[in-house]
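See below for the structure under consideration.
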Amino acid sequence: MKSLLSVSGLSKNFVKELDSFQRVANLFGESTKKETVYAVDDISFDVMTGEVVGLVGESGCGKSTVARMISGILEPTSGEIIFKGERISLNGSPVKKEHLLSIQMVFQNPFSSLNPRLKVVDIVGEAPVHHGLVNRKNRDDYVKNFLTLAGLDEQFLNRYPHQLSGGQRQRTGIARALAVNPDFLICDEAIAALDVSIQAQIINLFKDLRDKLELTYLFISHDLSAVENISDRVIIMYLGRIVEVATTEQIFGSPNHPYTRALLEEIPRLDRRKRKFSVIKGEVPSPINPPSGCHFHPRCPYAIKRCKIEVPKLENIANGHQSACHLNI
Amino acid sequence: MKSNFESSTPILKVTNLKTYFDTREGLVKAVDGVSFEIRPGEIVGLVGESGSGKSVLGFSVLGLVDHPGKVVGGSVSFKGTNLADATDAELRMIRGGRLSMIFQDPMMTLNPVLRIDTQIIETVLAHQNVSRKDARNMAIDVLRQVGISSAETRLKSYPHEFSGGMRQRIAIAIALINKPDLIIADEPTTALDVTIQAQVLAEIQKLCTMNGTALIWITHDLATIAGLADRVIVQYAGRVVEQGLVDDVLDNPRHPYTKGLLDSVPGNQGRNERLRQIPGTAPSLLNLPDGCAFMERCGNAQEVCRTLPSVTSSNFMHEYRCHFPIGVSN
Chain F
0 MKSLLSVSGL SKNFVKELDS FQRVANLFGE STKKETVYAV DDISFDVMTG
50 EVVGLVGESG CGKSTVARMI SGILEPTSGE IIFKGERISL NGSPVKKEHL
100 LSIQMVFQNP FSSLNPRLKV VDIVGEAPVH HGLVNRKNRD DYVKNFLTLA
150 GLDEQFLNRY PHQLSGGQRQ RTGIARALAV NPDFLICDEA IAALDVSIQA
200 QIINLFKDLR DKLELTYLFI SHDLSAVENI SDRVIIMYLG RIVEVATTEQ
250 IFGSPNHPYT RALLEEIPRL DRRKRKFSVI KGEVPSPINP PSGCHFHPRC
300 PYAIKRCKIE VPKLENIANG HQSACHLNI
Chain P
0 MKSNFESSTP ILKVTNLKTY FDTREGLVKA VDGVSFEIRP GEIVGLVGES
50 GSGKSVLGFS VLGLVDHPGK VVGGSVSFKG TNLADATDAE LRMIRGGRLS
100 MIFQDPMMTL NPVLRIDTQI IETVLAHQNV SRKDARNMAI DVLRQVGISS
150 AETRLKSYPH EFSGGMRQRI AIAIALINKP DLIIADEPTT ALDVTIQAQV
200 LAEIQKLCTM NGTALIWITH DLATIAGLAD RVIVQYAGRV VEQGLVDDVL
250 DNPRHPYTKG LLDSVPGNQG RNERLRQIPG TAPSLLNLPD GCAFMERCGN
300 AQEVCRTLPS VTSSNFMHEY RCHFPIGVSN
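One line per chain: the protein sequences are F and P, in this order.
All residue numbers for the first sequence refer to numbering that gives the first Met the number 0, where the first residue is 0 and numbers rise by one.
All residue numbers for the second sequence refer to numbering that gives the first Met the number 0, where the first residue is 0 and numbers rise by one.
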């Protein structure tokens, strides 16, 4: 398999500048420092053509920031993103328009990601007309095609978002992403806001589209059961860093990193009745002032002295299975 | 366990409860003839998708339905008191005292401009005849119970100084502090991360067992119910379509909707397999058909489904409302 997307050494820091009061106070001997959020901290991974890669982590771990950098919405602080053998952006400006069109996103909230003042036909048709993929005269037929692909019939063309149910809105969002003929779809918590029975419909739709259009996915979710069902490979993130990468079988069959194991332990499952909820202690620390060494050490039941001092490297522990934990050596 | 629940008298008895919203577009029957009972110390999951009326059911029990909604029929009896006949003063004593609620968004419970000690102590003083100092000590105890460290100093904080998970713990602490007989929890962990959700579930499970508090856990997540509850009530389009012990309902669902919900849970099927989905979408509660509301999405539906099926009960406390129940020969 060929690598479609290759991310190396990617980092993103958000710096909160001092306000004028703090700057004046500093002149008088205060020493207020700028706050830096290390949202994504030196991560590298590959996505092969035709693969579905699940990206899992709790809120604040940087998974959406990764998505935004790959789709070109955010400029990385450092590191590079190679798509089809070329860098996506150079010094803040995109290298090729086709690359940006080839990478599309489906968002979490189908209520806020659609313009409430536009009809479905305008929402889906706007980008392809703008980019010259279709002329205005043939737009309606073009849009109809993509609505059908997403499982909506033509009666929805002239509806407004508020006239649609949550599932129908998400299908509209998917049709909009497909309308510019992408190769790579980033689904950022695309099923999180939907009801259980609708989630299943949308997951099935993603699978059908993958077969029909030969798409590659980065499937971002905190829902491990959904990720297990759809992904070929899984990346687990914690506080801006990748802690484990492996095939779905490896992650769910023989998880290595203590954080991954804790996450799997917490998944609610239908066959686990009246269980005792075992608990990892504490909360995800703030990325403004993350713990030293391994970010997970304050919550880890196996932490040793070394974990506080040294950042563990992501190392191969089996074929295609990487984990960042000192205990592996 | 079974005989235990059977013998004790229910603390909450809801009979044929109807809550309708008279809107400009028409009559919305959010809760339409719902009956169930809760026994002391029991944990019951109330499952339904958005728009099934499960939250309105919770609000109706507490008498918190806002205009244009109105409880138009049925009764809610809590420890022998009919809440519909209770005066406002009596309701105030019951709510937050013997019967309390946890909401999905803790910021709905917490006042953002008051310190949390003020808010917790206020709850105690409203219902118990104790000194302010004792109330404060109770507040510290209850915060420790829900897993907030250095409770004494944290009491002086404002809600915005806590994380989402912490805030939900405080909301739970407030619901627990008067040792109620029943807590109604409306999707309290939906907005939380997986690890934090497990922490909150663990606390709630422990505290309910310790105090003998009954719990109604409203959610759309069947998997959470499986791990937490004794019994489950499945609601669809304002009606209870199935209820029974967790093991009975989850292992032998009788109603096709329950079966459909169970089948759509991703973890229940093999990797990379297509999920078995329920076709269509949930109906609008506006102008519902007289018959079975699930008919349009049901594979077994026939002409007779245009009439409302009556409630059938099979083995122990397992009830369902379907003309063609799964696994039962007619």
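All C-beta atoms, glycine included, are put in the ideal place defined by N, C-alpha and C.
Alpha carbon of Tyr-301 of chain F to alpha carbon of Gly-252 of chain F, nearest angstrom: 20 Å
Please report how far the alpha carbon of Val-75 of chain P lies from the alpha carbon of Thr-223 of chain P, in whole angstroms. Spanning the two alpha carbons is a distance of roughly 27 Å.
What are the residues of the stretch 155-178 of chain F that lie near chain P, defined by any Cβ-Cβ distance shorter than 8 Å? Ser-164, Gly-165, Gly-166 and Gln-167
By the criterion of Cβ-Cβ separation under 9 Å, what are the contact partners of Lys-62 of chain F in chain P? Within 9 Å Cβ-Cβ: nothing; Lys-62 of chain F doesn't reach chain P, min ~12 Å.
Taking DSSP as the reference, what is the three-state secondary structure of Phe-20 of chain F? helix
Indicate whether at least one CB of chain F lies closer than 9 Å to the CB of Leu-45 of chain P. no
Decide yes or no for the touch test of the stretch 289-303 of chain P against the stretch 35-46 of chain P: beta carbon pairs closer than 8 Å, at least 3 of them. no
How would you call His-66 of chain P, buried or exposed, if buried means at least 16 neighbouring beta carbons within 10 angstroms? Label assigned to His-66 of chain P: exposed.
Assuming Val-46 of chain P and Thr-18 of chain P make a contact with CB atoms under 8 Å, what is their CB distance in whole Å? Val-46 of chain P to Thr-18 of chain P, Cβ: 18 Å. No contact.
Around the Cβ of Asp-210 of chain F, are there at least 16 other Cβ atoms within 10 angstroms (buried) or fewer (exposed)? Asp-210 of chain F sits exposed, since fewer than 16 C-beta atoms from the chains shown fall within 10 Å of its C-beta.
Roughly how many angstroms separate the alpha carbons of Ser-2 of chain P and Val-248 of chain P, rounded to a whole number? With a pLDDT of only 42 at Ser-2 of chain P, under 50, the local geometry of the prediction cannot be trusted, and the value read off the model is given with reservation. Straight-line Cα distance between these residues: approximately 18 Å.
In chain P, which residues lie with their C-beta within 7 Å of the C-beta of Ser-196 of chain F? Glu-48, Gly-259, Leu-260, Ser-263, Gln-276 and Ile-277
Enumerate in chain order the residues of its own chain whose CB-to-CB distance from Asp-195 of chain P is below 6 Å, with the five nearest sequence positions on each side excluded. What sits at residue 195 of chain P in the sequence shown is Ile, not Asp. Contacts found: Gly-164.
How do the stretch 210-229 of chain F and the stretch 257-273 of chain P stand: do at least 3 beta-carbon pairs fall below 8 Å, yes or no? yes
Endpoints, alpha helix (DSSP H) assigned at Leu-175 of chain P: 163-175
Simplified DSSP assignment, three categories, for Thr-48 of chain F: Correct three-state label for Thr-48 of chain F: coil.
Can you find a C-beta in chain P that's less than 9 Å from the C-beta of Asp-40 of chain F? no
Going by the C-beta, is Ala-85 of chain P closer than 8 Å to any heavy atom of the ligand NAP? The model depicted lacks the ligand NAP and carries no ligand whatsoever.
Spell out the partners DSSP gives Asn-315 of chain F in its beta bridges. F:Gln-321.
Start and end residues, alpha helix (DSSP H) containing Phe-205 of chain F: 195-212
Which chain P residues sit within Cβ distance under 8 Å of Gln-107 of chain F? By Cβ distance, chain P contributes nothing, its closest Cβ being about 13 Å from Gln-107 of chain F, past 8 Å.
Quick one: which residues of the stretch 265-280 of chain F get their C-beta closer than 9 Å to a C-beta of chain P? List them in chain order. Glu-265, Ile-266, Pro-267, Arg-268, Leu-269, Asp-270, Arg-271, Arg-272, Lys-273, Arg-274, Lys-275, Phe-276, Ser-277, Val-278, Ile-279 and Lys-280
Compare the Cα-Cα distances from Ser-88 of chain F to each of F:Met-104, F:Ser-101, F:Ile-69 and F:Glu-309 and report the closest residue. F:Ile-69
Can you name, in chain order, every residue of its own chain whose Cβ lies under 7 Å from the Cβ of Ile-316 of chain F, other than the five neighbours on each side? Asn-255, Ser-322 and Asn-327
Buried/exposed call for Asp-40 of chain F, threshold 16 Cβ in 10 Å: buried
Verify the CB distance criterion: does Leu-212 of chain F have a CB-CB separation below 9 Å to chain B? This model lacks chain B altogether, as its protein chains are F and P.
Reducing DSSP to helix, strand and coil, say where Pro-93 of chain F ends up. Three-state result, Pro-93 of chain F: strand.
Report the three-state DSSP secondary structure of Gly-72 of chain P (helix, strand or coil). strand
Check distances from the C-beta atoms of the stretch 235-252 of chain P to those of chain F and list, in chain order, the residues that come in under 8 Å. Near chain F, meaning a CB-to-CB distance below 8 Å, the residues of the stretch 235-252 of chain P are Val-245, Asp-246 and Leu-249.
Using a Cβ-Cβ distance under 9 Å, would Gly-164 of chain P count as near chain F? Gly-164 of chain P counts as touching chain F.
Kindly say whether Val-193 of chain P, judged by its beta-carbon, lies nearer than 9 Å to any beta-carbon of chain F. yes
Below 9 Å on C-beta distance, what does Leu-262 of chain F contact in chain P? Val-193 and Thr-194
Less than 9 Å between the C-beta atoms of Ile-176 of chain P and Met-100 of chain P, yes or no? Contact: no.
Quick check on the DSSP output: the beta strand (DSSP E) that includes Ala-85 of chain P runs from which residue to which? Looking at the DSSP string, Ala-85 of chain P is not in any beta strand (DSSP E), and its letter there is neither H nor E.
Leaving out five residues before and five after Phe-35 of chain P in sequence, what residues of the same chain have Cβ atoms less than 7 Å from its Cβ? Val-13, Ile-232, Val-239 and Gln-242
Which residue marks the beginning of the beta strand (DSSP E) containing Val-142 of chain F, and which one marks its end? That residue, Val-142 of chain F, is in no beta strand (DSSP E); its alpha helix (DSSP H) goes 138-148.
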